[in-house]
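S.K.:
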Amino acid sequence: MKSPKAEAEDLMNAALPFAKQMLAAHGEFLPYGQALDKTGVFIAIGASDGREHPPSRDLIQILKVGMREGARAGKYKATAIVYDVRVTLPSSGANSDAIAVSLNHEGKYTALAFFAYRLEGENVVMGEVFAQPEENYSFGYSQ
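If you count the sequence shown from 1, you need to add 44 to reach our numbering.
1. Could you check what DSSP says for Asp93 in three-state terms: helix, strand or coil?
2. So what's Phe62 in DSSP terms, helix, strand or just coil?
3. In whole angstroms, what is the alpha-carbon distance linking Ile143 and Gly71?
4. Whole angstroms are fine: how far does the CA of Ala160 sit from the CA of Gln187?
5. Taking the alpha-carbon of Ile104 as reference, which of Lys82, Met170 and Tyr127 has the nearest alpha-carbon?
6. For Glu164, which beta-bridge partners are listed by DSSP?
7. Is the region 130-144 touching the region 159-175 in the sense that three or more CB pairs, one from each, lie closer than 8 Å?
8. Can you list the beta strand (DSSP E) stretches of 3 or more residues lying completely in the region 114-162, in chain order?
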């Protein structure tokens, strides 16, 4: 049996390719989610508020509410929300674009992972990776 951290990392690794694909094709992406159900299946989760170009924070909130509802209903073992951010790199203090992956697991594991990147034409060049603690909006506790 895998640890909560290992299952959350598997979910993160399943969720990341779509962000890279969208960045390569469009130079951006809207926030989206992915969940690990109780049987071990990864489920893609989208969000919409009816607007053509909604603010990312609104979509993130919609995703959080939906994931909380799914977790309370016993559907999910782990959840991830993926979104585009600007970060300060811990190693250099430089600013960078990054893919953020917010992870919540029912086994009391949470993390917010950042994958710095830069675009070179249609290529997504990955850079520094770092993480920090995250609130658990899906399963209702803090780390």
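Think of the CB as a built atom: it goes at the ideal place given N, C-alpha and C, for glycine as much as any other residue.
M.R.: Considering the structure as presented:
1. coil
2. helix
3. 12 Å
4. Because Gln187 sits at a pLDDT of 45, beneath the cut-off of 50, its placement in the model cannot be relied upon, and the point is left open.
5. The shortest Cα separation from Ile104 among Lys82, Met170 and Tyr127 belongs to Tyr127.
6. Looking at the DSSP assignment, Glu164 forms a beta bridge with Asn167.
7. yes
8. Listed in chain order, the complete beta strand (DSSP E) runs (minimum 3 residues) inside the region 114-162 are 120-132 and 139-149.
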